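2 protein chains.
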Amino acid sequence: MPRAGLTPQRIVEAAVDLVDTAGLDRLSVSALARGFGVKDASLYSHIRGLADLRARLAVHCAAEFADRIGSAVAGRSGRDALAAFAGAYRDYAVSHPGRYAATQLELPPEVLAGSPGHAALVEHTYLLLRPYALAEPDGTDAVRLLRSTFHGFAALEATGAFHAAREVPASWNRIVEALHTLLTNWPPTPTHP
Amino acid sequence: MPRAGLTPQRIVEAAVDLVDTAGLDRLSVSALARGFGVKDASLYSHIRGLADLRARLAVHCAAEFADRIGSAVAGRSGRDALAAFAGAYRDYAVSHPGRYAATQLELPPEVLAGSPGHAALVEHTYLLLRPYALAEPDGTDAVRLLRSTFHGFAALEATGAFHAAREVPASWNRIVEALHTLLTNWPPTPTHP
DNA sequence: TAGATTTCCTAGACCCTCTAGGCAAACCTA
DNA sequence: TAGGTTTGCCTAGAGGGTCTAGGAAATCTA
């Protein structure tokens with residue numbers, strides 16, 4: 698009986714393919730084993746289980762996602778950087794919904810702490826906001842606004858929640874424009890009368 | 698053998714409780730049957746299956762969610778209405794994460810079309826934007842912005858994605874303020890040079 | 001080449017969805 | 001109130017999922 702040549706890396710790559718075509722919720726140890734022509738139990742010598750596999754997938758996809766965004770924003774700043782960031786973001790989410798969903802998986806703190814991709818994503822977002830010169834806590838609030846809007850849009854688009862006639866990419870571009878306007882005119886802290 | 702008194706309504710109510718305490722991903726026909734002290738197969742006389750149960754749950758929770766938002770915005774408009782909408786939105790998402798997640802489930806078109814709660818949620822959002830007097834397609838873009846930001850924030854908060862020291866509710870309030878500013882100064886359609 | 005290690009296997013426990021078919025309780029109706 | 005009908009819950013079982021324990025073969029290493 699020849700060996701199938703399984704490794705954690707190959708298993709994660711197979712998981713990426715599976716998630717890309719079938720969706721994150723269809724990811725299973727069984728399905729991967731079938732793909733390798735191997736019994737389910739064989740995979741457990743390489744990964745600890747489904748939770749471990751999902752964590753590895755999340756770390757892998759976050760790194761890929763952060764890379765694409767990093768390339769897009771390289772050498773740009775201000776409105777240009779924001780547009781490039783947003784373009785790369787939606788492009789990834791639309792063309793690889795399963796991978797994008799993986800980047801948003803909830804992870805155990807120790808896994809998250811050891812994921813360069815997740816750290817890079819946060820870092821890219823903070824750098825993006827530098828030209829807007831927001832003092833804390835406004836900077837953090839603005840980061841959270843951007844993350845929320847981008848992720849929310851991607852999530853809603855992925856579940857088919859936008860039904861109006863308006864083309865979705867046009868809305869996206871307009872929203873990015875609006876966010877730029879907002880960041881350049883960030884409202885002052887409200888005072889209590 | 699006395700009957701357990703199952704009905705679709707009671708099953709959906711049990712599903713609401715389960716989802717509230719265990720999370721949407723733990724919802725299963727088996728767990729509900731255990732709760733009723735009944736065999737799995739018994740539930741299939743009342744619901745078609747798990748997909749049907751999830752759809753009913755989504756419709757139920759969307760109606761509840763829309764009600765709360767409707768009560769919150771009643772008699773208000775402009776900034777007040779936006780703040781009330783946002784407050785009710787986050788309150789529901791934070792205090793009932795499982796129910797909120799259910800309102801965001803992807804549904805077959807015919808189910809969605811027959812869900813008053815989902816329709817009311819969209820309607821509330823459009824009404825909210827009336828005072829800002831945005832012509833189409835700006836109105837649709839603004840609706841999509843609000844939905845994206847609110848849902849994205851709720852989703853990220855639910856997965857524990859906000860790690861900065863800044864208190865999450867403070868960010869939420871600030872973001873709502875910022876959105877009000879943005880809606881009152883919606884940028885003009887960019888012209889191509 | 002012998003021993004140690006790794007890889008994949010079989011077997012099986014346990015949980016899940018869902019269907020088919022049966023029996024008895026609850027409800028009608030005469 | 002006795003008959004039949006409908007309904008509610010049952011048993012049995014197929015099929016798919018995760019995961020563990022322990023065994024045998026392929027591969028590495030001394």
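Residue numbers (the numbering used here), protein chains in the order written: chain L, 698 to 890; chain G, 698 to 890. Using N, Cα and C, we set each Cβ at its ideal position, and we do this for glycine too. Note that the structure is predicted; figures quoted are calculated from it, not measured.
- 8 Å CB neighbourhood of G:Asp788 in its chain, flanking five on each side removed: In chain order, Arg765 place their CB closer than 8 Å to the CB of G:Asp788, counting only its own chain and leaving out the 5 sequence neighbours on each side.
- Query: How long is the line joining the alpha carbons of L:Phe762 and G:Gly732, rounded to whole angstroms?
  - Reply: If I take the Cα positions, the gap works out to 42 Å.
- Query: Alpha carbon to alpha carbon, how far is G:Ala799 from L:Leu831?
  - Reply: Computed Cα separation, rounded: 36 Å.
- C-alpha distance - G:Leu715 paired with G:Leu729, whole-angstrom precision: About 8 Å.
- Query: How about L:Ser868: is its C-beta nearer than 7 Å to some C-beta of chain G?
  - Reply: In terms of beta-carbon proximity, L:Ser868 lines the interface with chain G, with at least one pair separated by less than 7 Å.
- Task: Find the nearest neighbour of G:Arg773 within the set G:Thr837, G:Glu710, G:Leu824, G:Ala712, judged by alpha-carbon distance.
- Result: Cα-wise, what sits closest to G:Arg773 is G:Leu824.
- Task: Give the residues of chain G in contact with L:Ala810, contact being defined as C-beta atoms less than 8 Å apart.
- Result: For L:Ala810, there are no C-beta contacts with chain G under 8 Å, since the nearest C-beta of that chain is about 10 Å from it.
- Query: DSSP state of L:Leu802, grouped into three classes?
  - Reply: L:Leu802 falls in the coil class under three-state DSSP.
- Just the C-alpha distance for L:Ala861 and G:Thr886, rounded to the nearest angstrom, thanks. Each residue's alpha carbon lies about 19 Å from the other.
- Have a look at G:Ala781, G:Gly849, G:Ala712 and flag the residue whose alpha-carbon is nearest the alpha-carbon of G:Val756. For G:Val756, the closest of G:Ala781, G:Gly849, G:Ala712 by C-alpha to C-alpha distance is G:Ala712.
- Task: Report all residues from its chain with a CB closer than 8 Å to the CB of G:Val735; omit the five preceding and five following residues, and keep chain order.
- Result: Closer than 8 Å at the Cβ level, and outside the excluded window around G:Val735, lie Ala701, Leu703.
- Message: Using 8 Å for Cβ pairs, my map puts L:Leu802 next to L:Leu880. What's the rounded Cβ distance?
- Response: Contact doesn't hold; Cβ gap of about 28 Å is too wide.
- Message: Below 8 Å, how does it come out for the segment 856-876 of chain L and the segment 766-786 of chain L: are there three or more Cβ pairs, yes or no?
- Response: As far as the Cβ criterion goes, the segment 856-876 of chain L touches the segment 766-786 of chain L, which means the pair count is three or higher.
- Task: Report all residues from its chain with a CB closer than 7 Å to the CB of L:Ala780; omit the five preceding and five following residues, and keep chain order.
- Result: In the same chain as L:Ala780, and ignoring 5 residues on each side of it, the C-beta atoms closer than 7 Å to its own belong to Val873, in chain order.
- Task: Under 9 Å between beta-carbons, which chain G residues line up against L:Ala738? List them in chain order, please.
- Result: What L:Ala738 touches in chain G, judged by beta-carbon distance under 9 Å, is nothing: the nearest beta carbon there is about 24 Å away.
- Would you report the Cα separation of G:Pro890 and G:Glu864, rounded to the nearest angstrom? Because G:Pro890 sits at a pLDDT of 49, beneath the cut-off of 50, its placement in the model cannot be relied upon, and the following sentence gives the value as read from the coordinates. Those two C-alpha atoms are separated by around 43 Å.
- Message: Quick check on the burial criterion: 16 or more other C-beta atoms within 10 angstroms. Buried or exposed for G:Pro794?
- Response: Only buried fits G:Pro794, as 16 or more other CB atoms lie within 10 angstroms of its CB.
- Query: Are the C-beta of L:Pro890 and some C-beta of chain G separated by less than 7 Å?
  - Reply: No answer about L:Pro890 holds up, because its pLDDT of 49 lies below 50 and its placement is not dependable.
- In angstroms, rounded to a whole number, what distance separates the CA positions of G:Leu747 and G:Ala855? Rounded to the nearest angstrom, the gap between the Cα atoms of G:Leu747 and G:Ala855 is 24 Å.
- Contacts that L:Arg844 makes with chain G (C-beta to C-beta distance below 8 Å): Residues of chain G passing the Cβ test: Gly849, Leu853, Ala858.
- Does any residue of chain G bring its CB to less than 7 Å from the CB of L:Thr704? Contacts with chain G at 7 Å (Cβ-Cβ) do not include L:Thr704.
- Item | Neighbour flag for L:Leu879 against chain G, beta carbons, 7 Å | Chain G contact via Cβ: present.
- L:Ile872 versus chain G: which residues are under 8 Å apart at the beta carbon? Think of a sphere of 8 Å around the beta carbon of L:Ile872: the chain G residues whose beta carbon falls inside it are Asp838, Arg841, Leu842, Ser845, in chain order.
- Query: Is it true that the segment 803-812 of chain G meets the segment 834-849 of chain L, where meeting means three or more beta-carbon pairs spaced less than 8 Å apart?
  - Reply: By the Cβ rule, the segment 803-812 of chain G does not count as touching the segment 834-849 of chain L, because fewer than three pairs are nearer than 8 Å.
- Query: Can you give the Cα-Cα distance for L:Ser727 and G:Glu710, rounded to whole angstroms?
  - Reply: Straight-line Cα distance between these residues: approximately 33 Å.
- Task: Could you tell me the boundaries of the alpha helix (DSSP H) in which G:Leu824 lies?
- Result: Element bounds for G:Leu824: 813-826.
- Query: At a Cβ threshold of 7 Å, is L:Ala861 touching chain G?
  - Reply: Yes, contact with chain G.
- Query: From the beta carbon of L:Glu820, is the nearest beta carbon of chain G less than 7 Å away?
  - Reply: So no, L:Glu820 is outside the interface.
- Answer yes or no: does any C-beta atom of chain L fall closer than 7 Å to that of G:Pro884? Yes, G:Pro884 counts as interfacial toward chain L.
- Message: Assuming contact is defined by CB atoms lying nearer than 7 Å, are L:Gly849 and G:Ser845 in contact in what I supplied?
- Response: Against a cut-off of 7 Å, the Cβ pair of G:Ser845 and L:Gly849 comes out as a contact.
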